[in-house]
Amino acid sequence: MKNIKIFLLVVIIAGFAACNNQTQNEEADLSVPVSVIDIKAQSIQQFINTTGTVKATYETEVTSEMAGVYKLLVNPVTGKTFKLGDRVKEGQMVVHFDDKEYVNNINIEAKKLDLDISETNYEKQNSLYEKGGVTQSELRNAEVQKINTQSAYEGAMLNLAKMDVLAPFSGIIVDLPYYTPGAKLASGQAMFT
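Numbering (the numbering used here), first residue to last: 124 to 316.
As structure tokens, this is what we get:
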């Protein structure tokens, strides 16, 4: 019986030893290979090729307000006339219309001269009014004439400015209809998008 107890004790100890070895082997098998590198600053270059549709934040079709002889202007960046894909800045002139008859009818120089004369006349009438040389009615008439000539001059300047087609905001030209240089176009035609 003593032999049986010793035998059982040896079997139990051998069993514990075997279980202990199996746990160590499992722990050894669970280790993950790791590599270590030094960290240093460098740029990351990653390219993605894809196909898609680009939607503009702002888009508008610019039309002509005046009729006249069409002239597509030269892009100052490229030295060639504007074309699709060219960048434009807000307020940059892209197209100009020539209409000598219209410009002649505006008669800007005469309107400027009328304005100068009416301003001088008003100042003279005002000076005389302060000294009692003219009535208030005459002063008011001079003031009305000054306001009318100033309004006529500013209107002529606005009409003259309509001969230039400007970019309403900075962007890229995505549509530029072809018109023969020197062709006479009617007002309201699309100039560019």
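Virtual Cβ for every residue (Gly too), placed ideally from N, Cα, C.
Residue pairing from DSSP places residue 221 in a beta bridge opposite 192. Residue 294 has 211 as its beta-bridge partners, per DSSP. In the displayed model, residue 204 falls within a strand according to three-state DSSP. Leaving aside the five residues that flank residue 242 on each side, the residues in its chain whose CB is nearer than 7 Å to its CB run, in chain order, 269. Sequence-distant partners of residue 244 (beyond 5 residues in either direction) whose C-beta falls short of 8 Å from its own C-beta, in its chain, are 265, 268, 269. Measuring C-alpha to C-alpha distances from residue 187 to each of 297, 288, 225 identifies 288 as the nearest. Around the C-beta of residue 281, fewer than 16 other C-beta atoms lie within 10 Å, and the residue is accordingly described as exposed. The stretch 307–315 makes contact with the stretch 190–201; the number of CB pairs closer than 8 Å reaches 3 or more. Within the same chain, 313 come within 6 Å of residue 300 by CB-CB distance, once the 5 residues on both sides are set aside. Distance from the Cα of residue 183 is smallest, within the candidate group 290, 303, 302, 304, for 290.
Excluding sequence positions up to five before and after residue 175, its CB lies less than 6 Å from no other CB in the same chain. Between residue 185 and residue 303, the C-beta gap is not smaller than 9 Å, which leaves the two residues out of contact. Residue 218 is classed as buried because its beta carbon has at least 16 other beta carbons within 10 Å across all chains shown.
Rounded to whole angstroms, the gap between the alpha carbons of residue 234 and residue 225 is 15 Å. The DSSP-derived three-state label of residue 161 is coil. Residue 313 carries a strand assignment under DSSP once its states are collapsed to helix, strand and coil.
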